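For the sequence shown, full-length UniProt numbering gives the first residue as 1, with consecutive numbering after it. Glycine included, C-beta positions come from ideal geometry on N, C-alpha and C. All figures in this text were calculated on a predicted structure; none of them were measured in a lab. A quick write-up on the structure given underneath.
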Amino acid sequence: MFVQNYDPLNNFALSVFCAALPLIILLYLLALHPGKDSQGRKKLGVDARFATVTAAIVAIVIAVGIYKMPLNQAFLAWFLGALIGLYPICWIVITVLFLYEMTVISGSFDVMRHSIMKITQDKRVQVLIVAFGFGAFLEGAAGFGTPVAVCAAILVGMGIAPLEAALLCLLGDTAPVAFGGVGIPMIMMAQVTGLPVNDITAMTGRVLPFFSFLVPFWIMFTYVILLEKKSMSDLFEVFPAAFVSGISFALTQYFLAQHLGPQLIDILAGIVSIICLAVFLQFWSPKNVWTADWAKNAVKEYSAGETFYAWVPWIILVVIIIMWGTPSISKALGSVLVFKFPMEGLNGMVTKMPPVVPKPTVLKDAIFVLPLLSATGTGILLAAILSGLWLRLSASQWGDAFNTTFNRMKAPFVVVPSIVGIAFLYKYAGMDVQLALAFASTGSAFPFFSAMLGYLGVF
1 MFVQNYDPLN
11 NFALSVFCAA
21 LPLIILLYLL
31 ALHPGKDSQG
41 RKKLGVDARF
51 ATVTAAIVAI
61 VIAVGIYKMP
71 LNQAFLAWFL
81 GALIGLYPIC
91 WIVITVLFLY
101 EMTVISGSFD
111 VMRHSIMKIT
121 QDKRVQVLIV
131 AFGFGAFLEG
141 AAGFGTPVAV
151 CAAILVGMGI
161 APLEAALLCL
171 LGDTAPVAFG
181 GVGIPMIMMA
191 QVTGLPVNDI
201 TAMTGRVLPF
211 FSFLVPFWIM
221 FTYVILLEKK
231 SMSDLFEVFP
241 AAFVSGISFA
251 LTQYFLAQHL
261 GPQLIDILAG
271 IVSIICLAVF
281 LQFWSPKNVW
291 TADWAKNAVK
301 EYSAGETFYA
311 WVPWIILVVI
321 IIMWGTPSIS
331 KALGSVLVFK
341 FPMEGLNGMV
351 TKMPPVVPKP
361 TVLKDAIFVL
371 PLLSATGTGI
381 LLAAILSGLW
391 LRLSASQWGD
401 AFNTTFNRMK
411 APFVVVPSIV
421 GIAFLYKYAG
431 MDVQLALAFA
441 STGSAFPFFS
451 AMLGYLGVF
């Protein structure tokens with residue numbers, strides 16, 4: 001029986017440093033270690049796969065050498081997390097990317113993108129729609145950098161410099177990123193903490209909307225004042241659009257977080273924000289319209305039928321995820337083809353100690369659960385298959401979509417299991433408690449350090 005010790009070196013500060021060392025090494029390797037890119041040019045940071053695997057090895061060494069966790073238990077804790085990183089996390093990511101790639105290959109994504117850009121001729125409002133509303137939609141539908149990459153490319157096509165486009169899209173992605181791709185951050189937090197995912201989602205939804213409302217104003221200020229060097233009057237002209245975009249997104253985000261799981265919050269909030277702004281623009285427009293360069297040239301027009309046809313795959317995705325989250329359907333799917341694999345040697349062999357718990361408590365949750373049908377990724381796979389049939393993909397297009405998706409997942413297949421494995425190792429070794437006690441001891445300064453903790457969570 002391994003009993004957790006929250007000060008193994010009898011020096012709290014030194015013990016905290018040891019617990020934080022794998023994370024420090026991870027951040028150093030990702031952001032500061034000298035390296036070279038694929039063209040041989042010098043850069044800071046190494047490949048994320050090397051960084052995460054190195055951090056995992058260091059974490060195991062510290063868990064065994066400092067915290068005296070048996071080697072087999074340390075490996076099993078990491079392995080349990082790695083399995084969960086693969087399923088359901090990577091399973092969700094690969095299926096939603098598969099759906100996304102099918103829409104790109106079929107050309108329907110370009111039609112959908114065009115339908116959004118044609119809502120208004122004003123370049124400022126277009127930036128708002130693309131970076132905020134459409135970015136939130138893509139964050140919920142795919143996540144993992146997709147919204148910034150795709151939306152930045154759209155903004156570049158509108159004549160915005162690449163670096164500025166990336167900046168605006170990164171700002172826009174601050175509102176939806178807490179719920180991430182199909183709710184993955186919430187699902188992962190529930191897996192690690194053991195708390196109900198809907199409770200975590202609801203609490204997040206009570207805090208985040210206040211900030212979500214402000215993000216459109218932040219984007220407009222950055223674009224109009226900081227990047228375009230225009231006047232405050234140019235900024236105030238688009239404040240009504242920013243208000244409609246922000247308030248519709250924030251209210252939708254709040255409502256869905258209280259009454260629905262995390263999977264659809266960003267998707268639906270992004271769509272609602274775009275629709276509300278589109279309706280508002282039927283009755284209002286900025287006093288002085290900044291006509292986008294691309295709008296001055298001949299642009300192919302798509303019919304309402306073609307536009308609807310392009311949106312159908314995402315409608316299918318929303319409908320199926322709602323079905324998968326319906327209690328009766330979820331219960332029925334969860335009653336079949338569910339396999340449980342207890343981690344023998346770890347399950348029931350770790351004791352958590354006060355002050356974290358009132359009395360010594362044996363952890364009996366080291367079980368890998370494999371729900372083949374009820375998993376969100378399975379529902380997304382069904383949506384992808386139905387979408388491929390709707391889009392009438394050829395055999396070669398199916399193959400291209402699969403190959404592109406698989407190639408994009410090569411790094412996540414290593415990074416995600418490694419990171420989640422570290423999280424579970426921290427949990428069973430007691431290293432997470434060590435860090436939590438350190439943060440709790442900061443007292444009134446905790447709000448500042450909690451932001452630092454959040455940055456670690458992002459990695």
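Item: With DSSP as the reference, please indicate the residues paired to G35 in a beta bridge.; Value: K43
Item: Return the CA-CA distance between residue 499 and M112, expressed in angstroms with no decimal places.; Value: Residue numbering for the chain in the displayed model covers 1 to 459; residue 499 lies beyond these limits and cannot be assessed.
Item: For W314, is the classification buried or exposed, using 16 other Cβ atoms within 10 angstroms of its Cβ as the cut-off for buried?; Value: buried
Item: Contact defined as beta carbons within less than 8 Å: I believe Y254 pairs with P209. What is the distance between those atoms, to the nearest angstrom?; Value: 4 Å
Item: What residue range does the alpha helix (DSSP H) around P412 cover?; Value: 412 to 429
Item: Kindly confirm or deny that the segment 128 to 137 and the segment 102 to 119 touch, where touching means at least three C-beta pairs closer than 8 Å.; Value: yes
Item: For the structure I just gave you, are there three or more beta carbon pairs, one from the segment 300 to 309 and one from the segment 361 to 373, closer than 8 Å?; Value: no
Item: I'd like the span of the alpha helix (DSSP H) that includes L260, first residue to last.; Value: Counting along the chain, L260 falls outside any alpha helix (DSSP H), and DSSP gives it neither H nor E.
Item: Which class does F448 belong to by DSSP, given the choice of helix, strand or coil?; Value: helix
Item: Rounded to the nearest angstrom, what separates G348 and P70 at their Cα positions?; Value: 14 Å
Item: Output yes or no for whether 8 Å exceeds the beta carbon distance between L317 and A141.; Value: yes
Item: Please classify E344 as buried or exposed, where buried requires at least 16 other C-beta atoms within 10 Å of its C-beta.; Value: exposed
Item: Cα separation between F79 and V61?; Value: 15 Å
Item: Within 8 Å, do at least three Cβ pairs link the segment 201 to 217 to the segment 234 to 254?; Value: yes
Item: Among the candidates K340, A165, H33, whose CA atom is the shortest distance from the CA of A366?; Value: K340
Item: Please confirm if the segment 374 to 391 is in contact with the segment 36 to 53, defined as three or more CB-CB distances below 8 Å between the two stretches.; Value: no
Item: Can you find a CB in chain C that lies within less than 8 Å of the CB of L370?; Value: Absence of chain C from the displayed structure is noted, only one protein chain being present.
Item: In the structure shown, what three-state DSSP assignment does L389 receive?; Value: helix
Item: Does DSSP classify P22 as helix, strand or coil?; Value: helix
Item: What whole-angstrom Cβ distance do V420 and G85 have, given they're in contact under 8 Å?; Value: 3 Å
Item: I'd like to check one pair, A77 with Y428: are the Cβ atoms closer than 8 Å?; Value: yes
Item: If you follow the beta strand (DSSP E) that I367 is in, where does it begin and where does it stop?; Value: 367 to 371
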